[in-house]
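Numbering (my numbering), first residue to last: 1 to 277.
See below for the structure under consideration.
This is the structure:
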């Protein structure tokens, strides 16, 4: 029989559940900062050149008809709010509930940037392989990137992988050898972006449908996606309500993401449920 009178020691520091706590995609898109007094950002898109023409039989040089346009991103406000009574704060383990509340709010705000960019990417109209799910391979990956090349995308692109797609790539020597990529992915402590076939490959755990048979992945050029963000980026506030005796913490962000050029975005449906052998 175990001795009944025992003592437990409680750790002062809190251990946070696993979650995404930073933005990975903010620098992969075209950013625009919005100042006070404006509710939207307008991105100017210069149309394609139409090539050169021979002088006409009338002796005049034909004029070019430019197809310039604008894309408007209307800001929306997003919030994360939490409150706890002073009794809860006082009796919380280690007395650090306020600190935990603030960290949760910050994580929500920075994660929202990635979530909004992914929501915009989900509106892509170009879908690889007609929308039929594929399983990642080296040849498949290069074929996907080449689809953007065929659309005259001549800048480095970002390729977002689900964990299962990334795991498949790690089984391929060409993807893990420093002879072909800019780092050694099998030796890093955590998955980090790497460059292969002129694409910036990145594992992202916030992609729609991950772990399922129709997970969505995205390949896109930086100038194909826009993200408008208010000047202060993330507003974090904390306070105390004397009347109701509770502490509160709030994070707020004003932003919007959208696709600027559909030709520069490709949606890839991946079968995450397939076994990796």
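Even glycine gets a Cβ: it sits at the ideal position worked out from N, Cα and C.
Note that this is a predicted model, so its numbers are computed, not measured.
Quick one: residues in its chain with C-beta nearer than 6 Å to the C-beta of residue i, no 5 flanking neighbours on either side, listed in chain order?
i           : result
residue 31  : 227
residue 18  : With a pLDDT of 49 at residue 18, under the threshold of 50, the modelled position of that residue is not reliable, and no figure is offered here.
residue 113 : 23 and 26
residue 34  : 41, 228 and 230
residue 199 : 145, 157 and 159
residue 202 : 160 and 193
residue 69  : 45
residue 135 : 271 and 274
residue 58  : none
So, is residue i buried or exposed, given that buried needs 16 or more other C-beta atoms within 10 angstroms?
i           : result
residue 6   : Confidence at residue 6 is low in this model, with a pLDDT of 48, below 50, so its placement is unreliable and the value that follows should be read with caution. With fewer than 16 Cβ atoms within 10 Å of its Cβ, residue 6 is classed as exposed.
residue 93  : exposed
residue 255 : buried
residue 14  : Any reading at residue 14 is ruled out, since the residue's pLDDT is 49, under 50, leaving its predicted position unreliable.
residue 52  : exposed
residue 306 : Lying outside 1 to 277, the shown extent of the chain, residue 306 is not represented and no answer is given.
residue 250 : buried
residue 25  : buried
residue 90  : exposed
residue 253 : buried
residue 120 : buried
residue 311 : The structure shown does not extend to residue 311, since the chain is modelled only from 1 to 277, so the question has no answer here.
residue 76  : exposed
residue 128 : buried
residue 97  : buried
residue 207 : buried
residue 178 : exposed
If you compare alpha carbons, which of the options is closest to residue i?
i           : options              : result
residue 238 : 93, 80, 34 and 195   : 80
residue 46  : 272, 261 and 27      : 261
residue 197 : 158, 71 and 152      : 158
residue 236 : 34, 82 and 28        : 82
residue 273 : 213, 248 and 37      : 213
residue 78  : 128, 176 and 109     : 109
residue 224 : 175, 103 and 28      : 28
residue 243 : 85, 74, 139 and 175  : 85
residue 165 : 276, 48, 4 and 39    : 276
residue 248 : 38, 102 and 142      : 102
residue 38  : 4, 74, 59 and 209    : 74
residue 267 : 209, 131, 171 and 2  : 131
residue 118 : 210, 143, 67 and 142 : 210
Using a Cβ-Cβ cutoff of less than 8 Å, which residues in the same chain neighbour residue i once the five nearest sequence positions on both sides are dropped?
i           : result
residue 65  : 50
residue 234 : 106, 109, 110, 251, 252 and 253
residue 195 : 156, 181, 182 and 201
residue 173 : none
Is the beta carbon of residue i sitting closer than 9 Å to the one on residue j?
i           : j           : result
residue 146 : residue 168 : no
residue 216 : residue 161 : no
residue 257 : residue 116 : yes
residue 218 : residue 153 : no
residue 148 : residue 44  : no
residue 205 : residue 163 : yes
residue 259 : residue 72  : no
residue 139 : residue 263 : no
Identify, in the order they occur along the chain, each residue of the same chain with its Cβ nearer than 7 Å to the Cβ of residue i, setting aside the five sequence neighbours on each side.
i           : result
residue 62  : 53 and 56
residue 133 : 213, 214, 269, 270 and 271
residue 36  : 231
residue 246 : 83, 84, 85 and 86
Would residue i pass as an interface residue toward chain C - the criterion being a Cβ-Cβ separation below 9 Å?
i           : result
residue 143 : No chain C is part of this structure, which consists of one protein chain only.
Query raised in the report: Counting only runs that start and end within the region 162-236, where is the beta strand (DSSP E) found for 3 or more residues in a row?
Result: Qualifying beta strand (DSSP E) stretches, in chain order: 194-196, 199-203 and 215-221.
**Report entry** Completely contained beta strand (DSSP E) runs for the region 26-98, where each covers 3 or more residues
**Finding:** Counting whole runs of 3 or more residues, the region 26-98 contains the beta strand (DSSP E) stretches 30-34, 40-45, 69-74 and 76-85.
Report task. Can you check the region 95-168 for any alpha helix (DSSP H) of at least 4 residues that lies completely inside it and give the ranges in chain order? Result -> DSSP runs (the alpha helix (DSSP H)) wholly in the region 95-168: 97-121 and 138-150.
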